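In case it helps, full-length UniProt numbering puts the sequence shown at residues 1 to 233. Here a beta-carbon is modelled for each residue, glycine too, at the ideal position from N, C-alpha and C. Computed from a predicted model, the values in this text were never measured in an experiment. Accompanying notes for the structure given below.
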Amino acid sequence: MGENNTEPSTYQEIYSINNGKKDPTVKEIQLDNKIVKFQPDTAAKAIFRKARHPPYTLRRKIEDELHRLEQGNIIEKTDTTEWGTPIFAVPKSDGSFCICGDYKTTLNKEVKGYEHPIPRLEDLAAKLAGGEKFSSIDFSHAYTHLCLDEESQNLTIINTHCGLYKYKCQAYGISACPAIWQRTIESISGDILSTVVYFDNMFITGADTATHLKTLETIFKRCKEKGLTLKRT
């Protein structure tokens, strides 16, 4: 949350435990189009890339992250595949690593047709202009709220030094995911004029405290209804 730490007890469950560090569990957002399907070009040929071998000093941390994702029902071990994407590891501030598939070498070449306008920061600022009270919320493990259908899971398989894993939900590094996520969250909050969404962040304002708190209440209610979880900040 930002300036106003209004968190009605009714909505405590929408916050992930331990400041967003709890192993996430795949859940479907309760929307009509809640299952995401990637559609490669009809002429696309499967691409399989060899696994990269990370330095031995990083292997344990990468293995820990793979285990965390598997335990959290984000990825699943698989044996055979036509598609295979190598990974790279991005260090985080707490010393752990975020694993991303290098999909620009595989899936991103073939998946088309997922476009949605991403707002410019100056447009977001203009929409919030005039507000007196401000809050921000951060969605926990944002992309992983959106599940993939079985066929799409088989397109996301990552090839690691520990073997093959498929994603059961949207994965960071897939070019279609930001637009799909932005469109999904805007569909939840787009009718509320005093809110803006920028990827995994939502910003809320109000002309006065009462109006601002009423808007927050509406956002919390919708997050609860849709199965969205937030980080405590």
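Consider the C-beta atom of residue i and the heavy atoms of the ligand COA; say whether any pair is separated by less than 7 Å.
i: Thr105; result: The ligand COA is not part of the structure shown, which contains no ligands of any sort.
Please state whether DSSP places residue i in a helix, a strand or coil.
i: Lys223; result: The sequence shown places Cys at residue 223, not Lys. Here Cys223 sits in helix by DSSP.
i: Asp124; result: According to the sequence shown, residue 124 is Leu rather than Asp. The answer is helix: DSSP assigns Leu124 an H, G or I state.
i: Thr229; result: coil
i: Glu65; result: helix
i: Pro178; result: helix
i: Thr81; result: coil
Contact defined as beta carbons within less than 8 Å: I believe residue i pairs with residue j. What is the distance between those atoms, to the nearest angstrom?
i: Lys226; j: Ile188; result: 6 Å
i: Ile99; j: Pro178; result: Not a contact, Cβ separation roughly 18 Å.
i: Ala129; j: Asp200; result: Incorrect: roughly 23 Å between the Cβ atoms, too far for contact.
i: residue 234; j: Gly206; result: This structure gives no information on residue 234, because the portion of the chain shown stretches from 1 to 233.
i: Thr160; j: Ala171; result: Thr160 to Ala171, Cβ: 13 Å. No contact.
DSSP puts residue i in a beta bridge; with which residues?
i: Thr106; result: DSSP lists no partner for Thr106.
i: Gly101; result: Ile87
i: Cys147; result: Ile35, Cys169
i: Phe134; result: Thr205
i: Glu115; result: DSSP lists no partner for Glu115.
i: Gly163; result: Thr160
i: Ile75; result: Tyr167
i: Phe139; result: Leu230
Go through its chain and collect everything with a Cβ distance to residue i's Cβ below 6 Å, but skip five positions before and after it.
i: Glu186; result: Val197
i: Ile137; result: Met202, Leu230
i: Arg222; result: Ile188
i: Ala44; result: Glu110
i: Gly190; result: none
Using C-beta distances below 7 Å, list every residue in its chain close to residue i, excluding the 5 sequence neighbours before and after it, in chain order.
i: Ser96; result: Lys61, Glu65
i: Asn154; result: Thr81, Trp83, Lys166
i: Leu228; result: Ile14, Ile29, Phe139, His145
Please list, in chain order, all residues of the same chain as residue i whose beta carbon is under 8 Å from its beta carbon, the five residues on each side excluded.
i: Arg183; result: His116
i: Leu148; result: Ile35, Val36, Lys37, Phe38, Thr156, Tyr167, Lys168, Cys169, Gln170
For the segment 72-81 against the segment 150-169, do three or more pairs of beta-carbon atoms, one drawn from each stretch, fall closer than 8 Å, so that the two count as touching? yes
Three CB pairs or more closer than 8 Å across the segment 89-106 and the segment 32-51: yes
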